[in-house]
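This report concerns only the one structure given below.
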Amino acid sequence: MSGSYKATGINLKGVAIGESDRLLTILTKEQGLVRAVAPGARKHQSTLRGRSELFVVNRLLIVQGRSLDKVIQAESLESFPGLSQDLRKLTAAQYVVEVVLGQALSHQPQEELFNALCEHLHRLEQTPAAETLAVLTHAVFHLLKLAGVAPEVHRCCVSQEPLTPNFADPQWRIGFHAGVGGTVTLPVLDRLMGKRPNRTNCDLVDADQINSQPAVLEFLNLAENRGQWVASPEAAIASSHQVSESPVRYRVRSAPRSKSGAGEPVVKLDAIELFLLQQLSQLDWLNLETAWVSAALPSRTTWQNSAETPSIPQHVWLSLEKALRCYAQYHLERSIQSASLIDTCFSAQP
1 MSGSYKATGI NLKGVAIGES DRLLTILTKE QGLVRAVAPG ARKHQSTLRG
51 RSELFVVNRL LIVQGRSLDK VIQAESLESF PGLSQDLRKL TAAQYVVEVV
101 LGQALSHQPQ EELFNALCEH LHRLEQTPAA ETLAVLTHAV FHLLKLAGVA
151 PEVHRCCVSQ EPLTPNFADP QWRIGFHAGV GGTVTLPVLD RLMGKRPNRT
201 NCDLVDADQI NSQPAVLEFL NLAENRGQWV ASPEAAIASS HQVSESPVRY
251 RVRSAPRSKS GAGEPVVKLD AIELFLLQQL SQLDWLNLET AWVSAALPSR
301 TTWQNSAETP SIPQHVWLSL EKALRCYAQY HLERSIQSAS LIDTCFSAQP
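For the sequence shown, the numbering used here assigns the number 1 to the initial residue and increments by one for each residue that follows.
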């Protein structure tokens, strides 16, 4: 179908094609994800050259084609030049874009996702470089929340037991399992892992393992019809009590192996890591200057200086990023290629 349309979009990817063209992947407010050719954009004197760079927001006039659309006019509205001036910020921005690409839809309005991406890029550009990892971690959680697959961090996903960080015990830990949707108590984690020894792929629960209670069977049938994934007999039994309330978040599939070094979709979190995840889940937009003070960060954390504003060490954010990375890769079904650079940029920092 021929014709043209106007859209406001941000360039997420660009690939050279032909002698001087560039193929763009653009997230637009009005049409969602669009792939379009910017003709002549690689020529030095082209008006589309700068406007086809990554992270540039344009008002576009696009002509529909049989296979690919074509950008015939672009008016720049915003860009983020500060991102390219720091490798950590640039890597984090590319990371955020990969998470967006994992959930963006074509031919559907994506205004909320578009606005969220621009806001997170703006925060990455404006924040001090030392806080880049914290901003990235919040961005990933927020985008998972927009996608409807944010992890549960306040209750055990299987037993529904409320979880409160125990700062008095330095050995206290909680499980974080991508397959069941978030946090689980250690006894539950041990049972889950015990039922799948030496396996990194999570398979469908065997109905023969489930006690044939009508409510449980009803849940399994509903989960299959909705395309949900059931992690274990315990998860099926626990979830059968809330069939009408449980949101649709998971698909029946096998979990892909990580390609970026995040490891298996299971980690253990200490008290401060769980506390921070719980805070992130309650914040739509993170204010790094006041969030942790207003959250009354417990005084037992060993790195605090009573004469200064509480701060979170880099290694804590790195641990949370890896946990959310693994979770995002599992639920978005795609590897985050920028993650290997995150390890390089931040692992050696204090």
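Glycine included, each C-beta is placed from N, C-alpha and C at the ideal position.
Spatial distance of R22 from Q329 (CA atoms): About 28 Å.
Where the alpha helix (DSSP H) through T137 begins and ends: T132 to A147
Rounded separation between A339 and V63 - CA only: 35 Å
Residues near E152 by beta carbon distance below 7 Å, same chain, minus five either side: Shown here for E152: same chain residues with a beta carbon closer than 7 Å to its own, the five before and five after excluded, namely G181, G182 and T183 in chain order.
The beta strand (DSSP E) enclosing L121, as first and last residue numbers: No beta strand (DSSP E) contains L121, which is instead part of the alpha helix (DSSP H) from E111 to Q126.
Which of helix, strand or coil DSSP assigns to T183: strand
Cβ neighbour criterion (16 or more within 10 Å) applied to L160: Contrary to the premise, residue 160 reads as Gln rather than Leu in this sequence. Exposed, by the Cβ-count rule.
Range covered by the beta strand (DSSP E) that runs through H177: Run containing H177: I174 to H177, per the beta strand (DSSP E) assignment.
Boundaries of the alpha helix (DSSP H) in which Q329 is found, first to last residue: In the DSSP annotation of this structure, the continuous segment of the alpha helix (DSSP H) that includes Q329 starts and ends at Q314 to L332.
As assigned by DSSP and simplified to three states, the class of R88: helix
T25 versus A323: straight-line alpha-carbon distance, rounded: Each residue's alpha carbon lies about 28 Å from the other.
Proximity test, Cβ basis, 7 Å: P170 and chain C: This model lacks chain C altogether, as it is built from one protein chain only.
Where T344 falls: helix, strand or coil (DSSP): helix
Beta carbon of P162 nearer than 7 Å to that of R155: yes
Exposure label - S4; buried when at least 16 CB within 10 Å: exposed
Where E234 falls: helix, strand or coil (DSSP): Only weak support exists for where E234 lies, its pLDDT of 49 falling under 50; the value from the coordinates is given anyway. Of the three classes helix, strand and coil, the one that applies to E234 here is helix, per DSSP.
Limits of the unbroken alpha helix (DSSP H) element including A271: A271 to S281
Proximity winner among L90, G148, S281 and F141, relative to T132 (alpha-carbon distances): Per the Cα distances, L90.
Rounded separation between L277 and I174 - CA only: 12 Å
CB contact flag (S106, G14, <7 Å): With contacts defined by Cβ atoms closer than 7 Å, S106 and G14 do not form a contacting pair.
As assigned by DSSP and simplified to three states, the class of T290: Legend: pLDDT at T290 = 49, less than 50; position of this residue unreliable, no value from coordinates given.
Residues near L351 in its chain [Cβ-Cβ closer than 7 Å; skip 5 each side]: Here the chain comprises residues numbered 1 to 350, so residue 351 is not present and cannot be evaluated.
Beta-carbon gap between L121 and A93 smaller than 7 Å: yes
L124 to P313 span [Cα, whole Å]: The alpha-carbon of L124 is positioned some 18 Å away from that of P313.
N- and C-terminal bounds of the beta strand (DSSP E) containing I10: S4 to I17
Where S79 falls, given that 16 or more other Cβ within 10 Å makes a residue buried: buried
Where the beta strand (DSSP E) through E78 begins and ends: DSSP places E78 in the uninterrupted beta strand (DSSP E) bounded by D69 to E78.
Whole-Å CB distance - L318 paired with S281, under 8 Å assumed: Not quite, the Cβ-Cβ distance comes to about 19 Å (not below 8 Å), so this is no contact.
Bridge-paired residues (DSSP) for G32: T28 and S106
For V96 and T127, the rounded distance between their alpha carbons: 15 Å
Supposed contact pair L60 and A7 - C-beta distance, whole angstroms, cut 8 Å: 5 Å
Beta-carbon proximity list for S20, same chain, < 6 Å, skipping 5 on both sides: G40, R42 and K43
For E98, the three-state DSSP class (helix, strand or coil): helix
CA-to-CA distance, S46 to F275, given in whole angstroms: 51 Å
Element boundaries [beta strand (DSSP E), containing L83]: No beta strand (DSSP E) contains L83, which DSSP labels as neither H nor E.
Same chain, Cβ closer than 7 Å to T302, neighbours up to 5 away in sequence not counted: Note that T302 scores a pLDDT of 47, beneath 50, so its modelled location is shaky; the value from the coordinates is reported in the next line. Same-chain partners within the cutoff: there are none.
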